[in-house]
């Protein structure tokens, strides 16, 4: 949840860092540690340290919000549900990682997915905000804290000294910060659904096992059922065109338009609000503009399609 807050900061007009995340993870053997990492931009090491410390203090002083916890629990349950639904279609690498975690320190338990799924359904809904906030305060402590700055040795990069880093950290750590405000929206993604199309014609290809629908608006839909996954639908919509049709002066705009659109949210939702809205849903969607075509690709679970 702290990582989500750090990611939200990168969407500001003037973000304090290019990328940030936090984790409670293994260190050596049975020893674990909490860490916060920020990728500095514009060589501004001081601002990155201040922002990381401030967000940790925000959680320590005020805790998380109920809506943040609800989203995280929804994501946990959705992820374990997908693993359960795909339990017969697991890749070998997943089993290897489970074996390694079991035989090597910290010797994690290796139950079957059926057992794990029932545990998640039983206990995740019972996790309270008070418990999470109490654990968060235990993670962020004033002793055994290490600040690491990694930077290139080159002219023009002003790397603060050890004393300066400690001063920046201690000053930021001593500040009182405001509580986090969770900006969410209960608006629908689409305020008014477009009129549904009608199927004018169906064509079956028995040899290759797919069916083609011709809609009344001219769109051609090709459907093929496979047994590769038990809980995944993959789709793509494509039309002829692409950035080859743009004027030369719009060439760069055309090549990057799809990437910019994906960073811009959807409708009245900015990117972070959209991510919050989609919590607990297994849906992925991407847009593209290629040289001679444009379209969208995506996937979802059967339930969320």
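Numbering (the numbering used here), first residue to last: 1327 to 1631. Note that CB positions come from ideal geometry on N, CA and C, so glycine has one too.
{"Query": "Locate the alpha helix (DSSP H) running through residue 1446, then write down its first and last residues.", "Result": "1439 to 1449"}
{"Query": "Between the C-alpha atoms of residue 1603 and residue 1330, what's the straight-line distance to the nearest angstrom?", "Result": "13 Å"}
{"Query": "DSSP three-state label for residue 1498, please.", "Result": "helix"}
{"Query": "Can you find at least 3 beta carbon pairs, one from the region 1422 to 1434 and one from the region 1361 to 1380, that sit closer than 8 Å?", "Result": "no"}
{"Query": "When DSSP labels each residue in this structure, what does residue 1433 get in the three-state scheme?", "Result": "coil"}
{"Query": "Cutting at 8 Å between CB atoms, please list the residues of its own chain near residue 1594, excluding the five before and the five after it.", "Result": "1511 and 1513"}
{"Query": "With a threshold of 16 other CB atoms inside 10 Å of the CB of residue 1523, please say whether the residue is buried or exposed.", "Result": "exposed"}
{"Query": "Taking the beta carbon of residue 1500 as the centre, do at least 16 other beta carbons fall within 10 Å, making it buried, or is it exposed?", "Result": "exposed"}
{"Query": "For residue 1377 and residue 1587, what's the separation of their Cα atoms in angstroms?", "Result": "27 Å"}
{"Query": "Looking at residue 1477 and residue 1485, is the spacing between their C-beta atoms short of 8 Å?", "Result": "yes"}
{"Query": "My understanding is that residue 1406 touches residue 1446, with C-beta atoms under 8 Å, so please give their C-beta distance in whole angstroms.", "Result": "4 Å"}
{"Query": "Contact criterion: CB-CB distance below 8 Å. Does residue 1442 meet it with respect to chain C?", "Result": "Looking for chain C here will not work: only one protein chain is present."}
{"Query": "For residue 1465 versus residue 1614, is the C-beta spacing smaller than 8 Å?", "Result": "no"}
{"Query": "With distances taken Cα to Cα, identify the nearest neighbour of residue 1570 among 1530, 1543, 1503 and 1617.", "Result": "1617"}
{"Query": "Which residue comes first and which comes last in the alpha helix (DSSP H) that contains residue 1587?", "Result": "1577 to 1588"}
{"Query": "Take residue 1583 and list the residues in its own chain whose beta-carbon comes closer than 7 Å to its own, dropping the five residues that flank it on each side.", "Result": "1615"}
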